[in-house]
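Please read the structure below before turning to the comments.
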Amino acid sequence: MAHLDIQHIDKIYDNNVQAVYDFNLDVQDGELIVLVGPSGCGKSTSLRMIAGLEDISAGHVFLDDKEITQTPAKDRDMAMVFQNYALYGHMTIYENMAFSLTLRKENPNVIHKKVLAAAEILGLTSQLNKKPAQLSGGQRQRVAMGRSIVRNPKVFLFDEPLSNLDAKLRGATRREILLLHKRLKATMLYVTHDQTEALTLADRIVCMSMGHVQQVGTPLELYDAPRNHFVASFIGLPPMNFFDVTVRENKLEGKGFTLALSEEDKKILSAYAGKEIELGVRPENVLKGDDLKLNVFSNENLGMNTLVNGHIGDGNRISAKLRGWFDYHEGDDVGVTFAQKHFFDKETGDAIGRRINA
Amino acid sequence: MSEEKQIRLDRMRYTKNSLASTLAIAAILFDVFYFISIYESNVGSWYYNILMGASILYNLIFMLAAFLSSEGIKNYKIPYAYVLVVLGVIQIIRIFIYPVRAHSSSVTIQDQAVIVMETAQFVRCVLYLLLSAICLIASAVVGYIRSRALKQHLETLNIQSA
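Chains A and B, in that order, are what the protein sequence lines are.
Here this note's numbering is used: the first sequence runs in plain steps of one and ends on residue 665.
Here this note's numbering is used: the second sequence runs in plain steps of one and ends on residue 512.
Here you go:
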């Protein structure tokens, strides 16, 4: 197992486009780190730089205190699992899993033991004589993982491994990856654009946007104490509601609505008196109450919750995830209150008061 | 049985019998060398009879049969070992059908007796047929031994899991 230290890495392509800016990360032994962000945010590029598949324009990468910045990919002792599985169609599952070790001219008996052990972990023992085309997408992805496991690498790198799977299979395979991580206690870096994967898998999440790391923290930290507007809007489904409000002495004044401030909120916003800020409220923190009137325009029953979309005040769009089954109709007014509020600086987008160190 | 041997045996569950298969393919290759060598003979009209037609036809059948057997033996199917033995024996018999007869025959060209197959060509043809036969029989033996061993191993595993 391994300790991976990434220091100030940049990626600048030949056409001077910079994909990654000053990426820093200290991955502890056995940690599962998820890099999450929208398409084009530089997460896959960062992973490929760590794997050695992309040149690093600036910065350093250390694995177990040994610098590997310029080390070729094959010598980095890292295994990568790709989105498209990258299996050899003409080989059986056994041969696919054994292939990298065969190339290294390892003893065939040792290879056999390793392949059987990996197949056992992944539940592929009965599939070893089949070809990849005979397996489902989830099974193929497990084979791709098995091919990594047999190498016993110091670090596992996953580049959106579940993106090709349907929703049900994605959930099942995600749980398998989590079990695998617990069983192998391996250091893993996992790239995804799916925040559900990030929240459910990660020990820590690296949230990225436009090549910059926005926040590094545990899933709860990113959900509960987002560092800025981007993280708040990206993490959470449905996304956080945002309202432009002005801070008054005892209240927040928005377009057509006012909200009383608690003593704690007043302290947090003391430096913003009279200024305009952004108020963020997660849909699940909108509860039934008497503070505001939510004018309904759509009602989606999700089973144990109801997603109510509407507006408050003068056309401020809001989504509320109310616990229970409700059948509101367009035009209905529902009394709501905000259980937890997030405040963001209007100019910088940074969180006010709840900031944590990234 | 040592652990090493046990693992080697267990490996056969997931790996092909590539040695036996390669030997059978090598036999096809030597047969190709043989018929290229024999067809370069062009002495009078000694070869121009129905036997040559049968020989050409047999070469095609041989290549097909040997190739299918190589695939069969690769997958540890014992019956193909018997087919390979038969093909090997036929290759030995073929030495006496063309090379030996052509080497001991002569035709008269411009009042001179000319041996149909010179010694060098004869040795070459015999060698190719012999090598082909050896490869086929070796393939059959390797295939048979491994297939039997795998069969027994699978039976043992079935008993253990039952």
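Here a beta-carbon is modelled for each residue, glycine too, at the ideal position from N, C-alpha and C.
Residue i at chain B interface by Cβ criterion, 8 Å
{"i": "Tyr635/A", "result": "no"}
{"i": "Pro415/A", "result": "yes"}
{"i": "Lys420/A", "result": "yes"}
{"i": "Asn608/A", "result": "no"}
{"i": "Leu435/A", "result": "yes"}
{"i": "Tyr320/A", "result": "no"}
{"i": "Thr432/A", "result": "no"}
{"i": "Tyr395/A", "result": "no"}
{"i": "Thr409/A", "result": "no"}
{"i": "Thr399/A", "result": "yes"}
N-terminal and C-terminal residue of the beta strand (DSSP E) that residue i is part of
{"i": "Asn602/A", "result": "Val593 to Asn608"}
{"i": "Ile340/A", "result": "Leu339 to Val343"}
{"i": "Glu560/A", "result": "Lys558 to Gly561"}
{"i": "Val318/A", "result": "Note that residue 318/A corresponds to Lys in the displayed sequence, not to Val. Looking at the DSSP string, the run of the beta strand (DSSP E) that includes Lys318/A is Leu311 to Ile319."}
{"i": "Glu583/A", "result": "Glu583 to Val588"}
{"i": "Gly617/A", "result": "Asn612 to Ile619"}
{"i": "Gln462/B", "result": "Gln462 to Ile465"}
{"i": "Glu389/A", "result": "It should be pointed out that residue 389/A corresponds to Phe in this sequence rather than to Glu. Taken as a continuous stretch (DSSP letters only), Phe389/A belongs to no beta strand (DSSP E), as it is neither H nor E."}
{"i": "Asp333/A", "result": "Gln325 to Val334"}
Spatial distance of residue i from residue j (CA atoms)
{"i": "Ala370/B", "j": "Tyr448/B", "result": "28 Å"}
{"i": "Val462/A", "j": "Leu342/A", "result": "15 Å"}
{"i": "Gly344/A", "j": "Val538/A", "result": "9 Å"}
{"i": "Asn399/B", "j": "Leu418/B", "result": "30 Å"}
{"i": "Val324/A", "j": "His536/A", "result": "25 Å"}
{"i": "Leu508/A", "j": "Val388/A", "result": "16 Å"}
{"i": "Asn508/B", "j": "Gln502/B", "result": "10 Å"}
{"i": "Asp639/A", "j": "Asn557/A", "result": "29 Å"}
{"i": "Val643/A", "j": "Asp329/A", "result": "43 Å"}
{"i": "Asn409/B", "j": "Gln448/A", "result": "46 Å"}
{"i": "Val382/B", "j": "Ala415/B", "result": "14 Å"}
{"i": "Leu576/A", "j": "Gly660/A", "result": "8 Å"}
{"i": "Ala665/A", "j": "Leu506/A", "result": "Caution is warranted here: a pLDDT of 37 is assigned to Ala665/A, below 50, making its placement in the model unreliable, and the coordinate value is therefore given only provisionally. Distance between the alpha carbons of Ala665/A and Leu506/A is about 17 Å."}
{"i": "Lys318/A", "j": "Leu472/A", "result": "30 Å"}
{"i": "Gln502/A", "j": "Phe541/A", "result": "8 Å"}
{"i": "Met495/A", "j": "Lys653/A", "result": "36 Å"}
{"i": "Ile445/B", "j": "Ala499/B", "result": "34 Å"}
{"i": "Leu594/A", "j": "Thr352/A", "result": "41 Å"}
{"i": "Leu410/A", "j": "Ile418/A", "result": "11 Å"}
N-terminal and C-terminal residue of the alpha helix (DSSP H) that residue i is part of
{"i": "Gln502/A", "result": "Gln502 to Leu508"}
{"i": "Gly453/A", "result": "Gly444 to Ile456"}
{"i": "Ile495/B", "result": "Thr469 to Ser511"}
{"i": "Glu570/A", "result": "Glu570 to Ile575"}
{"i": "Ala452/B", "result": "Pro449 to Ser454"}
{"i": "Asp634/A", "result": "Premise fails: Asp634/A is in no alpha helix (DSSP H) and is neither H nor E."}
{"i": "Phe541/A", "result": "His536 to Phe541"}
{"i": "Tyr384/B", "result": "Ser368 to Tyr389"}
{"i": "Glu402/A", "result": "Ile400 to Leu410"}
Candidates the options: closest to residue i by CA position
{"i": "Val393/B", "options": "Ser419/B, Asp360/B and Gln462/B", "result": "Gln462/B"}
{"i": "Asn331/A", "options": "Gly518/A, Phe651/A and Arg589/A", "result": "Gly518/A"}
{"i": "Lys600/A", "options": "Ser626/A, Asp371/A and Glu361/A", "result": "Ser626/A"}
{"i": "Leu373/B", "options": "Leu477/B, Ala488/B and Cys475/B", "result": "Ala488/B"}
{"i": "Arg383/A", "options": "Asn391/A, Met547/A and Glu374/A", "result": "Glu374/A"}
{"i": "Phe369/A", "options": "Phe633/A, Ala646/A and His315/A", "result": "His315/A"}
{"i": "Gly366/A", "options": "Glu402/A, Asp312/A, Leu408/A and Cys348/A", "result": "Asp312/A"}
{"i": "His618/A", "options": "Phe549/A, Asp317/A and Val422/A", "result": "Phe549/A"}
{"i": "Gln441/A", "options": "Ile400/A, Tyr497/A and Gly631/A", "result": "Ile400/A"}
{"i": "Ser387/B", "options": "Trp396/B, Ala490/B, Thr506/B and Phe472/B", "result": "Phe472/B"}
{"i": "Val439/B", "options": "Ala512/B, Met402/B and Ile484/B", "result": "Ile484/B"}
{"i": "Ile465/B", "options": "Arg474/B, Leu477/B and Arg451/B", "result": "Arg451/B"}
Residue i beta carbon near the ligand PLP (any heavy atom closer than 7 Å)
{"i": "Gly445/A", "result": "In the structure shown, the ligand PLP is absent, as is every other ligand, since no ligand is present at all."}
Any C-beta of chain A under 8 Å from that of residue i
{"i": "Tyr364/B", "result": "yes"}
{"i": "Arg358/B", "result": "yes"}
{"i": "Ile509/B", "result": "no"}
{"i": "Arg361/B", "result": "yes"}
{"i": "Glu354/B", "result": "yes"}
{"i": "Gly493/B", "result": "no"}
Inter-residue CB distance, residue i and residue j (contact presumed, cutoff 8 Å)
{"i": "Glu585/A", "j": "Asp551/A", "result": "6 Å"}
{"i": "Leu481/B", "j": "Phe412/B", "result": "Incorrect: roughly 14 Å between the Cβ atoms, too far for contact."}
{"i": "Gly658/A", "j": "Phe650/A", "result": "At residue 658/A the sequence reads Ala, which differs from the Gly that was named. With a Cβ gap of about 7 Å, Ala658/A and Phe650/A count as contacting."}
{"i": "Asp336/A", "j": "Ala309/A", "result": "6 Å"}
{"i": "Val450/A", "j": "Met404/A", "result": "7 Å"}
{"i": "Ala380/A", "j": "Leu360/A", "result": "6 Å"}
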